[in-house]
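All remarks here apply to the structure that follows.
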Amino acid sequence: MKRELTWSELMLRRLILLACLVGLAVEADLLVEQYLWPIAANELALRQMESPAWSQTLHTLTALHASLPMSLLGLVLLAAAFLIGPLLLARREQAAQAEAPAAPNSSKQSLLVLAGVVVILAASTGCRPFDRPEFEEIDTSETGFLIPLEGATDQQVAFESETYLAERKVAAKRVQVPHRWVQTGRLYSTGEWMDTVRLIKVDRSPVTREWTADSTSGTKNTNEAIWIESKDSVGFSVGFNCTAFIEEEDTARFLYMYRSRSLADMMDSEVRARIQSVAAETAAKYDLDELRSRKQEMVDDVRADVIAFFKERGITVTTIGMFGGFTYQNPKIQEAIDETFVAQQKKVINIALFDAQQKENERIELEAEGQANMARTIAEGEADAIMKIAEATREAQSDPLFVQLKQFEVERDRIEKWNGEYPNYLFQMDSSSQSPSLMMQLPAQTASVMKTPEAN
Numbered sequence: 001m002k003r004e005l006t007w008s009e010l011m012l013r014r015l016i017l018l019a020c021l022v023g024l025a026v027e028a029d030l031l032v033e034q035y036l037w038p039i040a041a042n043e044l045a046l047r048q049m050e051s052p053a054w055s056q057t058l059h060t061l062t063a064l065h066a067s068l069p070m071s072l073l074g075l076v077l078l079a080a081a082f083l084i085g086p087l088l089l090a091r092r093e094q095a096a097q098a099e100a101p102a103a104p105n106s107s108k109q110s111l112l113v114l115a116g117v118v119v120i121l122a123a124s125t126g127c128r129p130f131d132r133p134e135f136e137e138i139d140t141s142e143t144g145f146l147i148p149l150e151g152a153t154d155q156q157v158a159f160e161s162e163t164y165l166a167e168r169k170v171a172a173k174r175v176q177v178p179h180r181w182v183q184t185g186r187l188y189s190t191g192e193w194m195d196t197v198r199l200i201k202v203d204r205s206p207v208t209r210e211w212t213a214d215s216t217s218g219t220k221n222t223n224e225a226i227w228i229e230s231k232d233s234v235g236f237s238v239g240f241n242c243t244a245f246i247e248e249e250d251t252a253r254f255l256y257m258y259r260s261r262s263l264a265d266m267m268d269s270e271v272r273a274r275i276q277s278v279a280a281e282t283a284a285k286y287d288l289d290e291l292r293s294r295k296q297e298m299v300d301d302v303r304a305d306v307i308a309f310f311k312e313r314g315i316t317v318t319t320i321g322m323f324g325g326f327t328y329q330n331p332k333i334q335e336a337i338d339e340t341f342v343a344q345q346k347k348v349i350n351i352a353l354f355d356a357q358q359k360e361n362e363r364i365e366l367e368a369e370g371q372a373n374m375a376r377t378i379a380e381g382e383a384d385a386i387m388k389i390a391e392a393t394r395e396a397q398s399d400p401l402f403v404q405l406k407q408f409e410v411e412r413d414r415i416e417k418w419n420g421e422y423p424n425y426l427f428q429m430d431s432s433s434q435s436p437s438l439m440m441q442l443p444a445q446t447a448s449v450m451k452t453p454e455a456n
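For the sequence shown, position 79 matches number 79 in this note's numbering, and the numbering has no gaps at all.
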């Protein structure tokens, strides 16, 4: 006949069964966390930009993944209630029917069993931190790349390809980054949440840099001038400004060439060094005196080299310019240049004054010559007119009609101008002579004599 198990034996068996169930729950959680969830999370994270359905699926599975430990703990507690609960109730009823001295021992055994169940559950499941959902936003001036951090070896090697990065370009403006639990200690609850993918953002905004020798100007309050040397070994610095940005189609190339470095970092390091290198090569071709007149050639050489060089690396340089002039290492060079410039300016001023005075003298001479010519022309005109009048007079003297006409004009003028008085003297002209032959003094007339004829 089969022996009936005692309460203690039955409790021990059920505790062993409960421990097995707890072990199965832990193994199931580890299987999901270490193998299934990373694969699903990576795939869903990469596909969440394709359509809203994939994005919603990722949100749902992320919530289920976060609630998996609590769900397993609930199942274990439910199993413990079904396995241990009836035995505890039966033990309590037996204790109530037994004698009074045996009741404390049964209560102690029940409490010990309950404490063992709690210890098993606490040691097996534990309380790990909640997996808080992580979202990252991509600005309108940024381009995102979602890169899996875990996967096959061929995918890790493919990260070295620009094409691979272009395929991982993110078009969405909000991206969810899934996590997985990594146990770092003996206890199940000792560990941390780690990202399964990484979102790398490339800022395409234009960046402007001004590298000057003056600490009060430029992008930074430090001496960032471009120092170069002429052919005759005169050291000096020049100021440069540069503006660049990243075009949308060049973001994958930029990320491939410079990894996680920003455009601002590249402007302050590689772009500045390239400008300094090209400017130094051009400056080394000419002496200082000749180089001062070849600034534009230096700028053209820098533009031609730098723009083409960085375009192949995903950086579009839009502006490169020189400003501020030359700043020499030896201040005496600048002083000598200033003195030479002042002397040249004085020379230019004196030459200008001399030219102005010479032009004024020429103007006066031309004006005098013009007035002389005008007077000469007037005199010649008057002399010619007199000669013509004299000639006409000589010709007219042989014409009696002309003489008579002139006498009539003289008589007319005399009558018009006569005031009623006779002249005091009378000249009598001889017909054979041009001068008066007889001058007679006429008697003075009174007013009464003048009025007598009118009275009669």
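The C-beta atom is built at its ideal place from N, Cα and C for all residues, glycine as well.
Beta-carbon gap between residue i and residue j smaller than 7 Å
i    : j    : result
R294 : Y286 : yes
W181 : E33  : yes
Q80  : L18  : Position check: residue 80 holds Ala in this sequence, whereas Gln was assumed. Going by C-beta atoms, A80 is nearer than 7 Å to L18.
L87  : M194 : no
P69  : T196 : no
P178 : A41  : yes
M298 : A279 : yes
S230 : L288 : yes
Q176 : L15  : no
R45  : D131 : Position check: residue 45 holds Ala in this sequence, whereas Arg was assumed. Contact flag unset, no.
T316 : E247 : yes
S237 : T327 : yes
I320 : Q276 : no
E137 : R174 : yes
Outcome for residue i when other beta-carbon atoms lying within 10 angstroms are tallied against a minimum of 16
i    : result
S269 : exposed
E365 : exposed
F135 : exposed
E224 : buried
G325 : exposed
G314 : buried
R253 : buried
T62  : buried
V306 : buried
D29  : buried
D355 : exposed
D300 : exposed
L165 : buried
D139 : exposed
F408 : exposed
D250 : buried
S55  : buried
R13  : exposed
Chain B contact for residue i (CB, 7 Å cutoff)
i   : result
P86 : Of the chains in the structure shown, none is chain B; there is only one protein chain.
Helix, strand or coil at residue i according to DSSP, with G and I counted as helix
i    : result
G370 : helix
E142 : strand
N419 : coil
P148 : strand
V207 : strand
L77  : helix
Q183 : strand
G325 : strand
L17  : helix
V202 : strand
S260 : coil
I226 : strand
E4   : coil
Q276 : helix
T283 : For clarity, residue 283 is Ala in the given sequence; the question names Thr instead. If DSSP states are grouped into helix, strand and coil, A283 belongs with the helices.
E192 : strand
G239 : strand
Q357 : helix
A244 : strand
T62  : helix
F408 : helix
V234 : coil
Q345 : helix
E312 : coil
Expected contact under 8 Å - CB spacing of residue i and residue j to nearest Å
i    : j    : result
L72  : A25  : 4 Å
I147 : I200 : 6 Å
R128 : G191 : 7 Å
R5   : V76  : Correcting the residue type first, residue 5 is Leu in the shown sequence and not Arg. With a Cβ gap of about 24 Å, L5 and V76 do not count as contacting.
When you compare the segment 134 to 148 with the segment 198 to 215, are there three or more beta-carbon pairs, one atom per stretch, that lie closer than 8 Å? yes
Pairing CB atoms from the segment 242 to 253 with CB atoms from the segment 261 to 279, are three or more of them under 8 Å? yes
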